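Asker: Okay, handing you the structure first.
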Amino acid sequence: MKPPRSRNLLSWLTAEPAFARLGEQASRLAALEADVRRALPGLALTVVAFEHKQLVVGASHASMAAKVRQIEPTLIAALGRQGWAVEKVRFKPLFRAPAASIARRDKTAPGADAVAHITDLSQSVEHPGLKDALARLAARHSG
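Positions in the sequence shown are counted from 1; adding 27 to them yields our numbering.
This is the structure:
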């Protein structure tokens, strides 16, 4: 029995018609995104789709939609010079998952010295609201 031959992943994917089409589409979108970035170097736009002469671009914040509407004619003209038949540009917000939250430390109760200082402070303060708040704080943390 012959040992199985390993195949290059790319050759396996291109042998399957559905994967071959997907690879061609991904290459086409990557080329289109490169042309979009050359046409608009200051904007971080991602090409999401290009079908029926409609280009869908995305960015991480929705305020970019107004900018895309303003520059749509410029972008269409620049892409036309590169050979892309774009008639309309749509914007789609691409929301990213929020970064992992910072781990919080458990709060510890103030020590006896701190409670004593708060009690002394509550007795020396003249403002009635502050005096009551400090007294409640001291009472909550004492014994």
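Here a beta-carbon is modelled for each residue, glycine too, at the ideal position from N, C-alpha and C. Just so we're clear, the structure is a prediction, and the values are computed from it rather than from any experiment.
#1: On the DSSP bridge list, what partners appear for Arg117?
#2: What beta strand (DSSP E) runs, 3 residues minimum, are completely inside the segment 88-163?
#3: Check Ala76 in the structure and name its three-state DSSP category.
#4: Give every residue of the same chain whose Cβ lies closer than 6 Å to the Cβ of Leu56, excluding the five residues on either side of it in the sequence, and list them in chain order.
#5: Out of Ile145, Ala45 and Val113, which has the shortest C-alpha to C-alpha gap to Leu59?
#6: Residues in its own chain within less than 7 Å of Leu121 by CB, not counting five upstream and five downstream?
#7: For Ala61, name the three-state secondary structure that DSSP assigns.
#8: Going by beta-carbon coordinates alone, are Leu82 and Lys115 separated by less than 9 Å?
#9: Given that a residue counts as buried once 16 or more other Cβ atoms are within 10 Å of its Cβ, and exposed if not, what is Asp62?
#10: Can you round the beta-carbon distance between Phe118 and Val95 to whole angstroms, since I take them to be within the 8 Å contact cut?
Answerer: Answer, in terms of the structure:
#1: The residue given as residue 117 occupies position 90 in the sequence shown. Answer is Val83.
#2: Runs of beta strand (DSSP E) with 3 or more residues, each lying fully within the segment 88-163, are found at 115-120, listed in chain order.
#3: Indexing the sequence shown from 1 puts residue 76 at position 49. Correct three-state label for Ala76: strand.
#4: Here the question's residue 56 lines up with position 29 in the sequence shown. These residues qualify, in order along the chain: Val74.
#5: Mapped onto the sequence shown, residue 59 falls at position 32. The option with the nearest alpha carbon to Leu59 is Val113.
#6: Here residue 121 refers to the residue found at position 94 of the sequence shown. Only Thr73, Gly85, Ala86 and Ser87 meet the Cβ criterion.
#7: Along the sequence shown, one-based indexing puts residue 61 at 34. Ala61 falls in the helix class under three-state DSSP.
#8: Locating residue 82 in the sequence shown gives position 55, where the first residue counts as 1. Locating residue 115 in the sequence shown gives position 88, where the first residue counts as 1. In this structure, Lys115 lies closer than 9 Å to Leu82 by Cβ.
#9: For the purposes of this step, residue 62 is identified with residue 35 of the sequence shown, where counting begins at 1. The Cβ neighbour count for Asp62, taken over all protein chains shown within 10 Å, is at least 16; the residue is labelled buried.
#10: Stepping through the sequence shown from its first residue, residue 118 is reached at position 91. Stepping through the sequence shown from its first residue, residue 95 is reached at position 68. Their Cβ separation, rounded to whole angstroms, is 4 Å, which keeps Phe118 and Val95 in contact under 8 Å.
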